[in-house]
Amino acid sequence: ITKDSKKFINENEGPWYHEMQELGFNYRLTDIQCALGISQLNRISKFIEKRREIAEKYDKAFENNQNIENLKENQNQFNPYHLYVIKVKNKETRLKLFKHLQQKDIFCQVHYIPVYWHPYYQRLGYKKGICLKAEKFYERIISLPMYPTLKKEEQELIIREISRWIK
767 ITKDSKKFIN
777 ENEGPWYHEM
787 QELGFNYRLT
797 DIQCALGISQ
807 LNRISKFIEK
817 RREIAEKYDK
827 AFENNQNIEN
837 LKENQNQFNP
847 YHLYVIKVKN
857 KETRLKLFKH
867 LQQKDIFCQV
877 HYIPVYWHPY
887 YQRLGYKKGI
897 CLKAEKFYER
907 IISLPMYPTL
917 KKEEQELIIR
927 EISRWIK
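Numbering of the sequence shown is given in the numbering used here, commencing with residue 767 and proceeding in unit increments.
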C-alpha cells in the first residue's frame, strides 16, 4: 500500500509498465474471499474449457500471420490459458500495437517484467543483461484479452483490429 502510486509508473517503458520500488506485504485473504474462491473452484473446469476455446480461436486467426508468433502448447503440457500471449517483431511494434488497441478500447497488457529490472532489485546490484532470453521475450510479448466471459463478437473485433494493423 502506498500514498504515491505515481512512483510505480514509467511511461518511457510503455503504458502497461509498473515498478516494484520496495518489498511490500503479503496480505492474507479474508474468510469471505476464501468462501468465494472455494465456490469458484466448482466451476474451474468450465472456466478452463472456455479459455481454451478462446485460445484456439486466437491460434487459428493468427497462425498464418508472419508478423505474429503464437506460443505453442507442447505435447505433454496442458495450458489453462491464464493469459493469451503473442510475440511480435520487436518492442517498438509491441508499443505501437498496444497503443492502437487502447485507442480501439481493447484492453491488452504486458506480462511479466523481468523481476530484476525493478528498482528494488537494481538497488541490490542486479543488472539488465543477466537473462537475455527473458529480456528479449519480454520486449516482444503482449497479452490479449482472455477471460471466460469474453464474447464471440468481442474476440472477433480484437482479431480483426490486430490483423488489420499488423500486416
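Even glycine gets a Cβ: it sits at the ideal position worked out from N, Cα and C.
A quick note: this is a predicted structure, and the numbers were derived from the prediction, not measured.
Nearest to Y783 by alpha-carbon distance, out of I820, L802 and H884, is H884.
Using a Cβ-Cβ distance cut-off of 8 Å, the region 872 to 883 and the region 904 to 917 are in contact, since at least three pairs of beta carbons, one from each stretch, lie closer than that value.
Annotation for I798: the continuous alpha helix (DSSP H) segment containing it runs D797 to L807. Between E788 and Y886, the beta carbon gap of about 6 Å places them in contact (Cβ cut-off 8 Å). The region 802 to 817 makes no contact with the region 892 to 901: fewer than 3 CB pairs, one atom from each, lie closer than 8 Å.
Note that the C-beta distance between F828 and N836 is below 8 Å. Counting other Cβ atoms within 10 Å of its Cβ, A801 stays below 16 and is therefore classed as exposed.
Only residues of its own chain outside the window of five on either side were considered, and among them Y892 and I896 have a CB closer than 7 Å to the CB of Y882, listed in chain order.
Sorting E927, K857 and E819 by C-alpha distance to the C-alpha of Y850 places E819 at the top. By the Cβ-count criterion, F844 is exposed, with fewer than 16 other Cβ atoms from all chains shown falling within 10 Å of its own Cβ. In the structure shown, I907 adopts extended strand secondary structure according to DSSP, grouped into three states. Spanning the alpha carbons of N833 and E815 requires a straight line of approximately 28 Å.
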